[in-house]
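The opening position of the sequence shown corresponds to residue 4 in the working numbering, with each subsequent residue numbered one higher. We put the CB at the ideal spot given by N, CA and C, even for glycine. Step one of this worksheet: look at the structure below.
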Amino acid sequence: MNANGGGARITWLGQAGYAIVAPDGTRCLVDPYLSDYLRDELGQPRSAAIILDPAETEAAVVVASHWHPDHLDPLTVKPLAARNPEIRFVGPSANTGRLRGWGIGSDRIQSLDRGEDTTVGAFSFAAYYARHDVPGWLAEDATSLVISVGGVTIYYSGDTEYDSRCLAAKAAGPFDVGFFVTNGSGGNMNAHEAALMAWQLAPRVAVPMHYGMWPPKGYGPGATLDPQLFVDTYRRLGGGEVAVVELGETIEISRPGA
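What follows is the structure in structure tokens.
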């Protein structure tokens with residue numbers, strides 16, 4: 004990847020979190036959970052290592068698909084904001100009040116609801132439908148995302164049940180890489196449903212996500228936490244390349260034709 008050839012470097016931060024580095028070196032954080040906030044809030048300590056210190060991490064933009072604290076939390080947001088005076092926080096309207104309550108100025112917040120798009124530096128974002136119905140934790144404006152950077156188009160499911168309305172995002176493709184929630188509990192589609200969605204959206208590379216942050220019992224009954232379930236079903240459907248990424252691992256997605 005380079006400034007002329009395009010492409011993107013994408014690192015898994017755990018759960019549904021990713022760091023995307025553009026050809027110019029700027030970084031976008033997607034749904035980063037870089038703290039142990041839920042240990043004190045819900046008695047849910049993380050088992051995955053924190054691989055980026057938000058107080059030391061340079062980033063141009065944070066995009067959060069919805070407001071749940073394993074995607075948007077104050078112990079991640081506040082130090083990122085302090086470290087990066089020009090950082091922008093992008094996401095649906097429900098995120099805005101929380102960000103303001105954590106001391107983030109309105110000039111640093113960009114609302115991005117379903118059907119809208121925006122650009123911050125090297126990164127362009129478009130928000131699409133997601134259905135994330137969790138009793139007591141309703142995220143009624145949850146989004147899936149299409150992110151464009153360096154000539155690469157990324158599909159990001161966010162947290163969602165399987166729903167045919169999510170497939171409207173296919174019009175923004177073709178996708179060079181797609182990230183699909185697979186844990187099958189807490190308002191999310193299971194690994195087999197995720198494989199079906201991936202097959203329907205047909206990214207060049209499909210990546211399962213949203214597992215391994217907590218011990219299995221932390222995901223609740225019926226969870227599908229083995230990424231191999233996604234891989235096997237996707238291959239049975241005739242899907243293409245799959246990447247099962249380790250925590251902290253970086254994949255390089257080249258610009259089509261590069």
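Considering only the alpha carbon of each residue, which of the options lies closest to residue i?
| i | options | result |
| --- | --- | --- |
| Ile150 | Val93, Asn193 and Ser109 | Val93 |
| Glu252 | Pro138, Thr14 and Pro230 | Thr14 |
| Val247 | Arg239, Leu240 and Asp229 | Asp229 |
| Gly181 | Tyr222, Ser127, Ile157 and Asp235 | Ile157 |
| Glu244 | Gly28, Gln203 and Ala209 | Ala209 |
| Ala201 | Ala172, Leu75 and Ala11 | Ala172 |
| Arg86 | Trp70, Pro26 and Ile107 | Ile107 |
| Gly225 | Ala130, Met192, Ala205 and Gly242 | Met192 |
| Asp120 | Tyr36, Val155 and Ala175 | Ala175 |
| Val98 | Leu75, Arg207 and Gly118 | Looking at the sequence itself, residue 98 is Asn, so the reference to Val does not match. Of the listed residues, the one whose Cα sits closest to Asn98 is Leu75. |
| Pro218 | Leu32, Ala52, Gly100 and Tyr159 | Ala52 |
| Pro177 | His195, Leu204 and Ala194 | Leu204 |
| His213 | Pro259, Ala11, Asp27 and Tyr36 | Tyr36 |
| Ala25 | Leu41, Phe126, Ile254 and Arg101 | Phe126 |
| Arg168 | Arg12, Tyr131, Tyr40 and Arg238 | Tyr131 |
| Leu148 | Ala129, Arg238 and Ser257 | Ala129 |
| Gly221 | Trp70, Gly189 and Gly242 | Gly189 |
| Leu250 | Gly215, Gly260 and Gly223 | Gly215 |
| Pro206 | Ala194, Val137 and Pro259 | Pro259 |
| Asp110 | Val123, Arg117, Asp116 and Gly118 | Val123 |
| Tyr40 | Pro77, Arg12 and Leu170 | Pro77 |
| Asp116 | Trp70, Gly28 and Ser257 | Trp70 |
Would you give the residue range spanned by the alpha helix (DSSP H) that residue i belongs to?
| i | result |
| --- | --- |
| Glu145 | For the record, residue 145 in the displayed sequence is Ala; it is not Glu. Premise fails: Ala145 is in no alpha helix (DSSP H) and is neither H nor E. |
| Tyr40 | Tyr40 to Leu45 |
Any idea if residue i is buried or exposed, counting beta-carbon neighbours within 10 angstroms, 16 or more meaning buried?
| i | result |
| --- | --- |
| Arg30 | buried |
| Trp140 | exposed |
| Arg49 | buried |
| Asp73 | buried |
| Leu16 | buried |
| Ser38 | buried |
| Ser68 | buried |
| Leu240 | exposed |
| Thr236 | buried |
| Asp179 | buried |
| Asp34 | buried |
| Ala198 | buried |
| Pro95 | buried |
| Arg103 | exposed |
| Arg134 | buried |
| Ser160 | buried |
| Glu196 | buried |
| Pro138 | exposed |
| Gly223 | exposed |
| Gly118 | exposed |
| Gly10 | buried |
| Gly8 | exposed |
| Gly242 | buried |
Return the first residue and the last residue of the beta strand (DSSP E) that residue i is part of.
| i | result |
| --- | --- |
| Thr14 | Ala11 to Gly17 |
| Thr29 | That residue, Thr29, is in no beta strand (DSSP E); it is neither H nor E in DSSP. |
| Tyr158 | Val155 to Tyr159 |
| Ala267 | Because the chain in this structure spans residues 4 to 261, residue 267 falls outside the shown range and cannot be described. |
Are the region 80-93 and the region 52-70 touching by the rule of at least three beta carbon pairs closer than 8 Å? yes
_Could you check whether the region 163-172 touches the region 18-25, counting it as contact only if at least three pairs of C-beta atoms, one from each stretch, sit closer than 8 Å?_
no
- Message: With a threshold of 8 Å, are at least 3 pairs of Cβ atoms found where one atom belongs to the region 54-61 and the other to the region 138-146?
- Response: no
- Is the region 80-87 touching the region 40-50, taking contact as three or more C-beta pairs under 8 Å? no
Contained beta strand (DSSP E) runs [length at least 3] in the region 183-254, N- to C-terminal order | 208-212
- Fully enclosed by the region 86-150, which beta strand (DSSP E) runs are 3 residues long or longer? 91-94, 112-114, 120-123 and 126-132
**Asked** Are the region 181-190 and the region 210-230 touching by the rule of at least three beta carbon pairs closer than 8 Å?
**Response** yes
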